[in-house]
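J.: Here's a structure for you.
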Amino acid sequence: MIIMAKTESARSPLGRLVLFMVCLAIAGAIVAGVHYAFVDLPQQKALQVPTNDGSASCAAGCSDAYQACIGGCSGDRSCIDACYQNAVACANSCGIEIMG
């Protein structure tokens, strides 16, 4: 009569631990790659360089006000100078420095 003995795994506990750690590392690399491809990469592509729209629209308002102001001066130099000083003050409030 042949009795089959319980067969134990041929691997040692240390070998099983190493195999488990290798499988865990492979699974982690796959999860990280999927996360990068579907979450991080689209966010990087969607990023846009910020523009200075706030100061540009502010400066456009200053320019329009200046043009309207000098339109009513009829060549009066002191009136034009006053309009220019108002335009410089307006531009400075927008964070723009006017040279000249």
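Just so we're aligned, residue 0 is where the sequence shown starts under numbering that gives the first Met the number 0, counting upward by one.
In this text, a Cβ means the ideal position worked out from N, Cα and C, and glycines have one as well.
Since the structure is predicted, the reported quantities are computational estimates derived from the model, not experimental observations.
1) Would you tell me roughly how many angstroms separate the C-alpha atoms of residue 95 and residue 89, rounded to the nearest one?
2) From which residue to which residue does the alpha helix (DSSP H) around residue 33 run?
3) Quick one: residues in its chain with C-beta nearer than 7 Å to the C-beta of residue 93, no 5 flanking neighbours on either side, listed in chain order?
4) Can you tell me where the alpha helix (DSSP H) with residue 87 in it begins and where it stops?
T.: This is what the structure gives:
1) Within the sequence shown, residue 95 is the residue found at index 96, counting from 1. Within the sequence shown, residue 89 is the residue found at index 90, counting from 1. Going from the Cα of residue 95 to the Cα of residue 89 covers about 9 Å.
2) By one-based count along the sequence shown, residue 33 stands at place 34. It spans 12-34 - the alpha helix (DSSP H) in which residue 33 sits, taken as one unbroken run.
3) Here residue 93 refers to the residue found at position 94 of the sequence shown. Contacts found: 54, 57, 58 and 61.
4) As a working mapping, residue 87 is identified with position 88 in the sequence shown. Run containing residue 87: 76-92, per the alpha helix (DSSP H) assignment.
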